[in-house]
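Enquirer:
Residue numbers (our numbering): 1329 to 1541.
#1: Looking at C-beta atoms only, is the number of pairs between the stretch 1470-1488 and the stretch 1445-1461 that lie closer than 8 Å three or more?
#2: Less than 8 Å between the C-beta atoms of residue 1452 and residue 1478, yes or no?
#3: On the CB-based measure, 16 or more other CB atoms within 10 Å of its CB, does residue 1420 come out buried or exposed?
#4: Our contact map puts residue 1498 next to residue 1436 with C-beta atoms below 8 Å; I'd like the distance itself, whole angstroms only.
#5: According to DSSP, is residue 1480 helix, strand or coil?
#6: Taking the C-alpha atoms as reference points, what is the distance between residue 1422 and residue 1521?
#7: Between which two residues does the beta strand (DSSP E) harbouring residue 1506 extend?
#8: Near residue 1426, which residues of its chain fall below 8 Å by C-beta distance, leaving aside the five closest residues on each side in sequence?
#9: Give every residue of the same chain whose Cβ lies closer than 7 Å to the Cβ of residue 1413, excluding the five residues on either side of it in the sequence, and list them in chain order.
#10: With distance defined between alpha-carbon atoms, name the residue in 1441, 1365 and 1533 nearest to residue 1516.
#11: Run the CB neighbour count on residue 1504, radius 10 Å, all protein chains shown included, and call it buried at 16 or more, exposed below.
#12: Starting from residue 1433, follow the beta strand (DSSP E) in both directions and report where the run begins and ends.
#13: Tell me whether residue 1534 is buried or exposed, calling it buried when 16 or more other Cβ atoms sit within 10 Å of its Cβ.
See the structure below:
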């Protein structure tokens, strides 16, 4: 029930209470009894309206908690928050020697760094999609696609005094035949649902079998 109706009912109740007080000075009579009954009726109605209003507020709060309030935030308020404005590869991004007992790289190690509007590193929650291409191949240039959901990305965060980035491990899905690999990273910010991407060419150490091919 709208809050305005609750307020109007409360004012009416107050007016009837004053009338009842005035009528009571002359002793009990039929008019006094009627006013008392009306007063009690309005009191019960106001109580019911208040209960309904409180229930509506709890429902609204529950819906916001389950669905989030991102869509209700105006652009002016969102602009005042520190949010992701770009994503970049960290300087250590490259091939990953996942098995030191074997020569060559067994995949990619992606260091992802989100930045806010002031150019500062930001621990922004979101999901990643990594794609790798061997563009020297005449056909079938895609050698891998990896997806890191919200929980996986959260587990991949590495924040220390000297490092502040996501570290994403991408084992080979297809072993490349050429050492220069093009990688593309797409990040979807969980708060704003905005998509950011970056692309880079990296050099990897091919396994002996790939070199022979």
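Beta carbons are placed, not taken as given, at the ideal position from N, Cα and C, and that holds for glycine.
Expert: Short version:
#1: yes
#2: Counted from its first residue, the chain shown places residue 1452 at position 124. Counted from its first residue, the chain shown places residue 1478 at position 150. Not a contact, by the Cβ cut-off of 8 Å.
#3: If you number the chain shown from 1, residue 1420 lands on position 92. Classification of residue 1420: exposed, given that the 10 Å Cβ count is below 16.
#4: The count along the chain shown starts at 1 and reaches residue 1498 at position 170. The count along the chain shown starts at 1 and reaches residue 1436 at position 108. So it is a contact: roughly 4 Å between Cβ atoms.
#5: What you label residue 1480 is simply residue 152 of the chain shown in a count that begins at 1. Residue state, collapsed to three classes: helix.
#6: Sequence index remark: in the chain shown, residue 1422 carries index 94 (1-based). Sequence index remark: in the chain shown, residue 1521 carries index 193 (1-based). Rounded to the nearest angstrom, the two C-alpha atoms are 28 Å apart.
#7: Sequence index remark: in the chain shown, residue 1506 carries index 178 (1-based). No beta strand (DSSP E) contains residue 1506, which DSSP labels as neither H nor E.
#8: As a first step, residue 1426 must be located in the chain shown, where it is residue number 98. 1433, 1434, 1435, 1497 and 1499.
#9: As a position in the chain shown, residue 1413 is number 85, starting the count at 1. Here the set comprises 1443, 1444 and 1445.
#10: Residue 1516 sits at position 188 when you count from the first residue of the chain shown. Checked all of 1441, 1365 and 1533; the closest Cα to residue 1516 is 1441.
#11: Taking the first residue of the chain shown as 1, we reach residue 1504 at position 176. Per the 10 Å Cβ criterion, buried.
#12: Within the chain shown, residue 1433 is the residue found at index 105, counting from 1. Segment: none, residue 1433 is in no beta strand (DSSP E) and carries neither H nor E.
#13: Sequence index remark: in the chain shown, residue 1534 carries index 206 (1-based). The residue is buried, with at least 16 neighbouring Cβ atoms inside 10 Å.
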